[in-house]
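K.L.:
Protein chains in written order, with our numbering: chain A, -8 to 323; chain B, -8 to 323; chain C, 1265 to 1601; chain D, 1265 to 1601. Don't be surprised by glycine CBs; every beta carbon is placed ideally from N, CA and C. All figures in this text were calculated on a predicted structure; none of them were measured in a lab. Okay, handing you the structure first.
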Amino acid sequence: MSDAPATAAPTTAAYSPQQLVNLYRMMQLIRRFEITCNELYMQGKIPSTLHLCTGQEAVPTGVSFHLRASDYVFGTHRPHGHALAKGVRAEHILAELYGKATGSCKGKGGSMHVGDMAVSMPPAIAIVGGNVPLAAGTALAQKMRRLDDVTVCYFGEGAANEGAWHEAVNAAALWSLPVIFVCENNLYAASTPFETAFRVRHVADRADAYGMPSEIVDGNAVLDVVAAAGRAVARARAGEGPTMLECLTYRQAGHSRSDPRTYRTKEEEAEWAERDPIARFTALLLADGRVTQGDIDAASAAVEDEIAAAIAFAESSPEPDPADALTDVFKD
Amino acid sequence: MSDAPATAAPTTAAYSPQQLVNLYRMMQLIRRFEITCNELYMQGKIPSTLHLCTGQEAVPTGVSFHLRASDYVFGTHRPHGHALAKGVRAEHILAELYGKATGSCKGKGGSMHVGDMAVSMPPAIAIVGGNVPLAAGTALAQKMRRLDDVTVCYFGEGAANEGAWHEAVNAAALWSLPVIFVCENNLYAASTPFETAFRVRHVADRADAYGMPSEIVDGNAVLDVVAAAGRAVARARAGEGPTMLECLTYRQAGHSRSDPRTYRTKEEEAEWAERDPIARFTALLLADGRVTQGDIDAASAAVEDEIAAAIAFAESSPEPDPADALTDVFKD
Amino acid sequence: MAQMTIAQALREAIREEMLRDERVFCIGEDIGVKGGFGGAFTVTLGLSDEFGHERILDTPISEAMIAGVAAGAALAGMRPIADVQYGDFLFNMMDQLANQAAKLRYMSGGTLAVPMVMRAPVGATARGSQHAQSLEAFFTHVPGLKVVCPSTAYDAKGLLKSAVRDDNPVIFFEHKLLYGSKGARQEKGAVSAVSEVPDEEYLVPIGQGAVRREGRDVTIVANLLMVYKAMNAAETLAQEGIEVEVIDPRTLVPLDKPLILDSVRKTGRMVIVEEDNLTNGWGAEVAALVADEAFEWLDGPIKRVAAPDVPPPFAPPLERAYVPTEAQIIAAVKSTL
Amino acid sequence: MAQMTIAQALREAIREEMLRDERVFCIGEDIGVKGGFGGAFTVTLGLSDEFGHERILDTPISEAMIAGVAAGAALAGMRPIADVQYGDFLFNMMDQLANQAAKLRYMSGGTLAVPMVMRAPVGATARGSQHAQSLEAFFTHVPGLKVVCPSTAYDAKGLLKSAVRDDNPVIFFEHKLLYGSKGARQEKGAVSAVSEVPDEEYLVPIGQGAVRREGRDVTIVANLLMVYKAMNAAETLAQEGIEVEVIDPRTLVPLDKPLILDSVRKTGRMVIVEEDNLTNGWGAEVAALVADEAFEWLDGPIKRVAAPDVPPPFAPPLERAYVPTEAQIIAAVKSTL
Ligand SMILES: Cc1ncc(C[n+]2csc(CCOP(=O)(O)OP(=O)(O)O)c2C)c(N)n1
Ligand SMILES: Cc1ncc(C[n+]2csc(CCOP(=O)(O)OP(=O)(O)O)c2C)c(N)n1
Ligand SMILES: [Mg+2]
Ligand SMILES: [Mg+2]
């Protein structure tokens, strides 16, 4: 069943100051990483195209709060936040975006396919909905191998109209697989508004059609995401099966590279800017008092260092040898 | 929303004796056609394989009660009943099964692809779920052309787990297309029981996920099907959009050709034999009194003549010229 | 006469056909949204203002539905132009194209027709493995489908109009680097395919190739972006006295076999250039055709220049090693002499 | 030594691999249901009694899910053997096979592997257009996939075991008329592919073809059912003094190029026989290979015998006109002389 987002103001009480600062730090890292990518893209240092997740930082941050290195995460065409939150190092992602040999996929993947098997993140899948069957597959393996690891599958609301999504979500429910389906509902699929693609009001409404529990979450309230993801991950680890989380959020940037965003209103953008997940969380922390402005500034400074280091790493890294284009197709 | 089948005993009052006899006659025609096909198959006169719909006659009979020649119908791999009810002539279907040049598809289609464009039935689609996008397409054409024709799309419950089904059902709901999705839920997909493929109890439960109205119907009570289909067809003709009808029924024969049916119990088969749609309807008619045993016998006799004529036609028809294998690929 | 990019030429073709025939409509993702992109490469930009959102129909992200709805609407009397944002996503609709649209007429004994166009952008543009493939050969192998691949604005307009009027399913491939898309949708490394487009209506018939350059020594058959690389290679080779004939098949199914065979019978040497992966690319079929029907005229081995058998890589240095180059074409031509 | 049909040999291969390696499991429709069929052609019959329903996993009718779940489970340490009831349904899972399973390792920079087997029955058996195609060429054209097509019980067992142990996605084609399925699943027009299967374990390496008959005059390359038709044709031709060498590639990717090229260098003449549709069938690739690398040794045109470019028809007389015949093979061989 799916209800409206919990409106009760999220409480910080359940978390240590360090945990709270870490949540801030990760959201800030994702935000600054994306903004930096955009600048570098504009400078022509990153080829082709980019799908940025600014405004959506709270979702992967809150979900990954509960994940281990051995848990699988499948990202989408908009995967930088999924990867950073899962623990892929900023320098390895940025090097991948630059197409450098030191990238997390040796430059073969690129922005839409960042991942790092060192932290159990396969290449992000840029076929909308295409990652869902794969995620059901890793979850099936986790179940058959009697592990208590879980799989997280991110998808945008637009993916819920793909056939592969339907087939795999049904199988996950049917077999009680340890997978959490995390919908980042940012109201648009490229230029297409939610209502242009759905007659129902919520993606979570569809979970019922598979007999799968679901929750609708304020995706811009990181502690709400932490709480909901905590319930879902616990269910999965306990062998109680999958959960669908619909996180309501908003993409502050364009869909990809220089998207003029003329398909939505400035008013709507302004409204959502009000609900910026980082600003909201910062205000909450300062009101709460256990975390000080000093802690936040320190975390922000650390993020700047990490970003600067990532740029230095990416720019100083070697390009792949053209001959490598022919390797890594088959494993012998 | 979907509720349990209306238990109220269906009433004949709304229909003329002629209409009632016609319903009987069509169910009897389908029954006798299928039984005859099986005999001819056993005699080696029909090549390859057969999917018979004995026990399910009430569904297409009740649905087609409301259809015109210009309404489209898409059948499944089990299409003989869909075709007969839509008005494809028994002789043209049987000739098609024999692979004769006089078949409704010139022998190019065969049992799994019977159809006849003369009555707006494209070849049945043997890719499970594959007919659903096509049906949304003909319905879209009907809507764009401002016709008040409708499209009927039959599918077995097993098809509801196909991605194409999901994508097309969503589109039909989204665009309010004049299509009726008729699920023949006969509890099994080949050897696979419903519960092995679904966690939900009803296919109709899924209609909610698309914002589409649905009804669960006793698929072995022809007047229940007539009534539910009447509501759905009326909505579609009035431009009010699609409906999903889940007709609960049972396949009395095996899945295909000589299926030993060892995946289900004799008890279950016996229970459903009790609910045989033709026997039930006959009893209802005789109890009701407006239709006499004589009327029924006359209709049955007419059916036997039609079957005999169909066999004579099929057997006396010429085989296709081998050279025709190369024609009908492209239209110039 | 107007100078047009391929994106403009395709838009004009769609406009004219929609004005000419009310049965024609467009269906796809992000093709008509107000304030949107006009599809992934601006081809339908502005058309929803002119024709409305029923005839420029935006869909959910449901490729199998798009293809199936187009096929169903086509058999019911409409003439859909369907749009997929990247050719790679044709795999999501493969059943509807290869099992349904392509086979429906045949299964019906020729009693129905499926006049639909499926437009698909192909080509590697540093987007990585899932937004870069050239997929022609997956469809030349499907009986019942026609396959078109224009390389100039003139051909793009004339062939799209012919495809819309064709009574059969047509897979219409467009190369991302040839669109000449402007603004937000401009592509790095794009090649100008701008050409003169007559003001008066014209059609380019499906099934006719074009000789882009005459030559007596070696025949090159190349499509889409590779036509331009082949022309450059031919130019370079001419300076060395090697006269290459460059043929742009323009459509792969039906293939203009006489044009190709006659050229090889003249030159006795053949090189095929495609961005598609080598093994079982459409070039293999052209090679097999020539090795059968023009064998006696062949004076040297048939060479193919194609992408290697790897997925398209992302990093530019790797992608440059993936996409066939002029140097490879020149070397291949010489190896046939 | 035991005499086995291909269905039995495949079942034995699965049994042995499942006993040997607990990571191996089967996934598909109707493969393990109690009292059911053991898949469309009885290959997994009885295995769920022995291994249980978790390791012989029955699925909903969801091909994209089956392929994607197999790929996902494979990259997470399992070794799935996936099953599709008819090869034609591979189109429903094309994205998961061609965009995901085939590309995942490459996109990851070689940091993961996808050891899965996708089993698929092919061949025309009077079931009509959607249950009859031969689909090899759709997959030989996908970099990252291996393609296997055994024609004997011995090869079927040895190759399936090798496929299960291979660290890459393998598409494993089986011909409906060669299974030798019994009882309810017996096929009209079946050809016996029964062969001696050793009691002790053995593997047949992926990538090695087999010479089925030696000959000096003409080389025939044929796979699956066509191997038998080619052998019969060779027998007939021998009576006319024409000595044909028949090569069964057994795997199409990787292809045993040396075996084929050496044979053509010996005979100077080549005929390719496939049930796949002619245009861009796998035979086109073999022809292109030979026209390039063995050109100097060729003494005549390369001929292909394949299904015509039409969907598979239903009626037996039409189907007989569709499936390549011994007479066509004999004529093709003579036309190369
Ligand atoms: C199968 C497929 N169809 C279309 C696309 C093109 N495409 C890329 S992103 C996108 C929109 C996705 O929207 P959503 O799933 O909501 O994710 P978001 O971009 O909003 O994060 C589309 C249509 C694709 N990559 N894959
Ligand atoms: C895409 C696809 N997958 C699998 C099959 C094989 N198959 C044919 S009928 C069938 C069962 C269909 O069950 P259901 O949809 O319930 O229809 P029913 O046979 O019960 O009428 C299956 C799995 C197919 N024809 N198409
Ligand atoms: Mg979105
Ligand atoms: Mg059923």
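1) Does the segment 244 to 255 of chain B touch the segment 174 to 187 of chain B, meaning 3 or more C-beta pairs lie closer than 8 angstroms?
2) Within 10 angstroms of the Cβ of T(-2)(A), are there 16 or more other Cβ atoms? Answer buried if so, exposed if not.
3) Hey, is A180(A) close to ligand 3, as in C-beta under 7 angstroms from one of its heavy atoms?
4) Grab the span of the beta strand (DSSP E) containing T142(A) for me, first residue to last.
5) Taking C-beta pairs closer than 8 angstroms, name the residues in chain A that H1395(C) reaches, listed in chain order.
6) Consider the Cβ of A(-5)(B): report whether some Cβ of chain A lies at a distance smaller than 8 angstroms.
7) Assign F1403(C) to one of three DSSP states: helix, strand, or coil.
8) Spatial neighbours of A1271(C) within its chain, please: CB distance less than 7 angstroms, with the 5 preceding and 5 following residues excluded, ordered by chain position.
9) In chain order, what are the residue ranges of uninterrupted beta strand (DSSP E) at least 3 long that sit wholly in the segment 5 to 68 of chain A?
10) Shortest alpha-carbon distance to S1527(C) belongs to which of L1542(C), L1489(C), V1485(C) and S1599(C)?
11) Roughly how many whole angstroms lie between the Cα atoms of A219(B) and P1414(D)?
12) Closer than 8 angstroms, CB to CB, is N176(A) near chain B or not?
13) In angstroms with no decimal places, state the Cα-to-Cα distance between H246(B) and A1427(C).
14) When the cut-off is 8 angstroms and only beta carbons count, does K36(A) lie next to chain C?
15) Within a Cβ cutoff of 6 angstroms, which residues of the same chain sit near Q1360(D), ignoring the five residues on either side of it in sequence?
16) CA-CA distance, L1562(D) and T1483(D)?
17) Under a CB-based cut-off of 8 angstroms, is E1314(D) close to chain B?
18) Out of curiosity, what's the CA-to-CA distance linking E306(A) and P169(A)?
19) Between the alpha carbons of D279(A) and R226(B), how many angstroms are there, rounded?
20) Taking V1574(C) as the query, report the chain A residues whose CB atoms sit under 7 angstroms from its CB, ordered along the chain.
21) Looking at T67(B) and ligand 2, is the gap between the Cβ and the nearest heavy atom below 7 angstroms?
22) Would you list, in sequence order, the uninterrupted alpha helix (DSSP H) runs of no fewer than 4 residues that lie entirely inside the segment 181 to 212 of chain B?
23) Considering only the beta carbon of each residue, do V105(A) and P70(A) sit closer than 8 angstroms?
24) Within the continuous beta strand (DSSP E) that includes L1292(C), where are the two ends?
25) Taking C-alpha atoms, which residue in F24(A), Q243(A) and S7(A) lies nearest to A301(A)?
26) T1389(D) versus chain B: which residues are under 8 angstroms apart at the beta carbon?
27) Output the distance between the C-alpha atoms of L1321(D) and N1496(D), rounded to the nearest integer angstrom.
28) Return the Cβ separation of L1309(D) and R1275(D) in integer angstroms, given the expectation that the two are a contact with Cβ distance under 8 angstroms.
29) In chain order, what residues of the same chain have a beta carbon less than 6 angstroms from the beta carbon of A(-5)(B), not counting five sequence neighbours either side?
30) Which residues share a DSSP beta bridge with H71(B)?
31) Please determine if the segment 1354 to 1374 of chain C and the segment 1405 to 1421 of chain D are in contact, where contact requires at least 3 C-beta pairs separated by less than 8 angstroms.
32) CB D315(A) to CB L1582(C), shorter than 8 angstroms?
33) Which same chain residues, not among the five before or five after V160(A), have their C-beta less than 6 angstroms away from its C-beta?
34) What distance in whole Å lies between the Cβ atoms of M1490(D) and I1435(D), which are believed to be in contact at a cut-off of 8 angstroms?
35) Check the Cβ-Cβ distances between N1363(C) and every residue of chain D, and say whether any is below 8 angstroms.
36) What is the residue span of the beta strand (DSSP E) that M1534(D) lies within?
P.N.:
Let me spell this out:
1) Put simply, the segment 174 to 187 of chain B touches the segment 244 to 255 of chain B. At least three CB pairs are less than 8 angstroms apart.
2) Unreliable positioning characterises T(-2)(A) in this predicted model, as indicated by a pLDDT of 49, which lies under 50. The coordinate reading is nonetheless provided below. Exposed: under 16 other Cβ atoms inside 10 Å.
3) yes
4) T142 to G147
5) M103 and A117
6) Interpretation of A(-5)(B) is limited by its pLDDT of 49, a score under 50 that renders its predicted location unreliable; no figure is taken from the coordinates.
7) helix
8) Result list for A1271(C): F1305, T1306, V1307, Y1443, G1444 and S1445, in chain order.
9) For the segment 5 to 68 of chain A, whole beta strand (DSSP E) runs of length 3 or above, ordered along the chain, are 63 to 65.
10) Relative to the Cα of S1527(C), the nearest Cα in the group L1542(C), L1489(C), V1485(C) and S1599(C) belongs to V1485(C).
11) 52 angstroms
12) no
13) Straight-line Cα distance between these residues: approximately 42 angstroms.
14) Answer no: the Cβ-Cβ gap between K36(A) and chain C never drops below 8 angstroms.
15) A1328, A1331 and G1332
16) Approximately 11 angstroms, taken between the alpha carbons.
17) Chain B, which has no Cβ nearer than 8 angstroms to the Cβ of E1314(D), makes this no.
18) Near 39 angstroms, if we compare the C-alpha coordinates of P169(A) and E306(A).
19) 56 angstroms
20) Within 7 angstroms Cβ-Cβ: A316, L317 and V320.
21) yes
22) 185 to 188
23) Against a cut-off of 8 angstroms, the Cβ pair of P70(A) and V105(A) comes out as a contact.
24) Note that residue 1292(C) is Gly in the sequence shown here, rather than Leu. Segment V1288 to G1292, the beta strand (DSSP E) holding G1292(C).
25) Measuring C-alpha to C-alpha distances from A301(A) to each of F24(A), Q243(A) and S7(A) identifies F24(A) as the nearest.
26) S39
27) In this model, L1321(D) and N1496(D) are separated by some 40 angstroms (Cα to Cα).
28) The beta-carbon separation of L1309(D) and R1275(D), rounded to 7 angstroms, stays under the 8 angstroms limit for a contact.
29) Note that A(-5)(B) scores a pLDDT of 49, beneath 50, so its modelled location is shaky and nothing firm can be said.
30) Answer is none; H71(B) lacks a bridge partner.
31) no
32) yes
33) Y201
34) Rounded, the Cβ-Cβ distance is 18 angstroms, inconsistent with contact.
35) At least one chain D Cβ lies under 8 angstroms of N1363(C).
36) M1534 to N1541
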